[in-house]
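Residue numbers (my numbering): 1 to 463.
Structure below.
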């Protein structure tokens with residue numbers, strides 16, 4: 001669904017490659033696209049397999065929430081620094097490390113004997129994914145020095161992410177039905193090995209003395225993880241986690257104010273456009289990722305569908321995402337980013353309000369159709385908001401702003417899974433799940449309405 005950028009996307013000085021090393025732009029693009037496809041796929045492929053995991057591992061709702069969020073939180077928290085890490089050791093080496101870690105962690109997920117091991121392996125997957133994301137885009141930029149060729153290559157790279165978003169639920173359902181939930185992790189292995197093999201023909205990078213804000217990165221990771229604990233675990237553990245989250249957040253703010261090279265320059269948010277775009281990106285992630293989690297469980301646990309059928313239920317919705325992304329890009333190119341966002345967000349809001357009509361008796365056709373407006377509106381919004389945030393900051397801070405945006409989106413997606421999971425498991429009565437589903441939809445609609453209003457109030461700009 002997203003067109004992503006990352007901190008190490010910024011222009012680099014030419015690398016000094018040895019004469020005997022001849023890189024292949026096409027194979028480099030394929031390697032980068034494979035990695036980006038895999039790490040994006042793992043954001044959504046797990047959702048449809050959750051009921052099967054619960055039966056196999058004896059997991060409750062809390063355990064299922066951690067299976068999803070352990071990956072997303074690690075990806076979101078570390079994405080703030082992995083662009084700088086890739087600069088320090090070279091994007092090709094960083095990409096190889098990230099893909100190797102992600103692939104090995106996928107094997108560990110597939111072999112996990114219990115929920116604790118699975119959750120830990122998902123954290124390692126998220127760390128690998130956080131390294132892969134900025135390094136993959138840096139590989140594409142380095143392999144295509146010509147601006148026109150690079151634009152087409154970056155578009156192909158971004159299309160890999162859109163395809164993974166569309167393919168994820170269907171792949172999860174198919175693999176779980178035909179094989180087992182472990183298949184959704186083992187399938188990563190051959191593609192990860194292929195991506196590593198293709199690095200032989202990738203360009204080499206010089207190392208750069210890019211500063212790392214390790215105190216800021218550490219405090220941010222602690223704050224985000226503790227916040228997720230506070231929402232998911234509740235009770236005494238949740239209360240302690242909430243205190244830790246507040247304390248770590250305060251430490252983070254103090255560090256970032258004093259740090260010469262902060263991982264998140266707080267002054268960035270004084271720019272009104274940046275603040276609104278980050279909030280809008282978060283709102284889209286709450287609506288999309290949070291509700292895919294909820295509906296994956298609804299289709300199977302409330303309606304008794306198979307994993308395969310549940311995956312296919314998302315296909316009309318996700319299939320329109322890539323098309324809507326292209327339309328949004330063309331509208332933004334012609335009229336500027338504001339117009340497609342002012343179209344996309346209201347469409348998403350209407351789509352969310354329609355989801356308040358859902359109950360367990362709805363037909364397959366109705367459910368497949370009623371999910372589409374929310375997805376179309378979200379897909380119309382994301383590419384323009386990415387363009388808007390990049391236009392709102394100086395060129396030298398574009399990668400940093402994009403990294404903050406993508407981290408905020410992943411955090412929002414993780415927290416929506418945490419909150420919505422509590423809602424669908426905490427209601428009581430005959431329609432407890434549907435009650436929680438409607439509450440989740442309403443939260444997403446309110447958040448999206450607030451950001452749509454803020455977008456409409458932004459000053460008009462030229463194309």
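Idealized CB from N, CA, C, for every residue including glycine.
The residues 278, 281, 389, in chain order, have a CB closer than 6 Å to that of residue 405 in the same chain once the five nearest residues on each side in sequence are set aside. For residue 196, the enclosing alpha helix (DSSP H) has its first and last residue at 188-198.
Taking C-beta atoms as the reference points, residue 80 and residue 244 fail to come closer than 8 Å. The C-beta distance from residue 378 to residue 284 rounds to 5 Å, short enough to fall under 8 Å. The beta-carbon separation of residue 302 and residue 433, rounded to 5 Å, stays under the 8 Å limit for a contact.
DSSP, reduced to helix, strand and coil, places residue 303 outside both helices and strands of the structure shown, so it counts as coil. At least 8 Å separates the beta-carbon of residue 216 from that of residue 169. By the neighbour-count criterion, in which 16 or more other beta carbons inside 10 Å mark a residue as buried, residue 71 falls on the buried side. Selection 400, 318, 51 evaluated against residue 373 yields 318 as nearest (Cα-Cα). In this structure, residue 408 and residue 69 do not form a Cβ contact; the two beta carbons are roughly 15 Å apart against a cut-off of 8 Å. Around the beta carbon of residue 154, 16 or more other beta carbons sit within 10 angstroms, so the residue counts as buried. DSSP places residue 167 within a helical segment (H, G or I) once states are collapsed to three. Within the stretch 53-102, the runs of alpha helix (DSSP H) at least 4 residues long that lie entirely inside it are, in chain order, 61-89. Counting C-beta pairs with one atom in each stretch, the stretch 110-124 and the stretch 49-59 have three or more that are closer than 8 Å, which means they touch.
In the DSSP assignment, residue 271 falls outside any alpha helix (DSSP H) and carries neither an H nor an E. The three-state secondary structure of residue 233, taken from DSSP, is helix. Residues of the same chain with a CB within less than 8 Å of the CB of residue 107, apart from the 5 flanking positions on each side, are 185, 186, 189 in chain order. For residue 434, the uninterrupted alpha helix (DSSP H) run begins and ends at 432-456, by DSSP. Residue 172 sits in a helix when the DSSP states are folded into three classes.
In this structure residue 444 does not touch residue 297 by the C-beta definition: roughly 16 Å separates them, more than the 8 Å allowed. Bounds of the alpha helix (DSSP H) holding residue 36 are 25-44. In the structure shown, residue 410 falls within a helical segment according to DSSP collapsed to helix, strand and coil. In the structure shown, the three-state DSSP call for residue 162 is helix. The three-state secondary structure of residue 157, taken from DSSP, is helix. Counted as a single uninterrupted DSSP element, the alpha helix (DSSP H) harbouring residue 379 occupies residues 372-391. Fully contained in the stretch 328-370 are the following alpha helix (DSSP H) runs of length 4 or more, in chain order: 338-354, 364-370. Rounded to the nearest whole angstrom, the CA to CA distance from residue 353 to residue 195 is 42 Å. Its chain contains 140, 141, 144 as the residues whose beta carbon lies nearer than 8 Å to that of residue 150, once the 5 sequence neighbours on both sides are disregarded; these appear in chain order. Cβ neighbours of residue 250 within its own chain (closer than 6 Å, five residues either side excluded): none. No residue range can be given for residue 49, since it is assigned to no alpha helix (DSSP H) and is classified by DSSP as neither H nor E. Going by beta carbons, residue 173 and residue 312 fall inside the 8 Å limit. Following the DSSP letters along the chain, one finds residue 134 inside the alpha helix (DSSP H) bounded by residues 115-143. Sequence-distant Cβ neighbours of residue 275 in its own chain, meaning closer than 7 Å and more than five residues away, are 269. Around the C-beta of residue 44, 16 or more other C-beta atoms lie within 10 Å, and the residue is accordingly described as buried.
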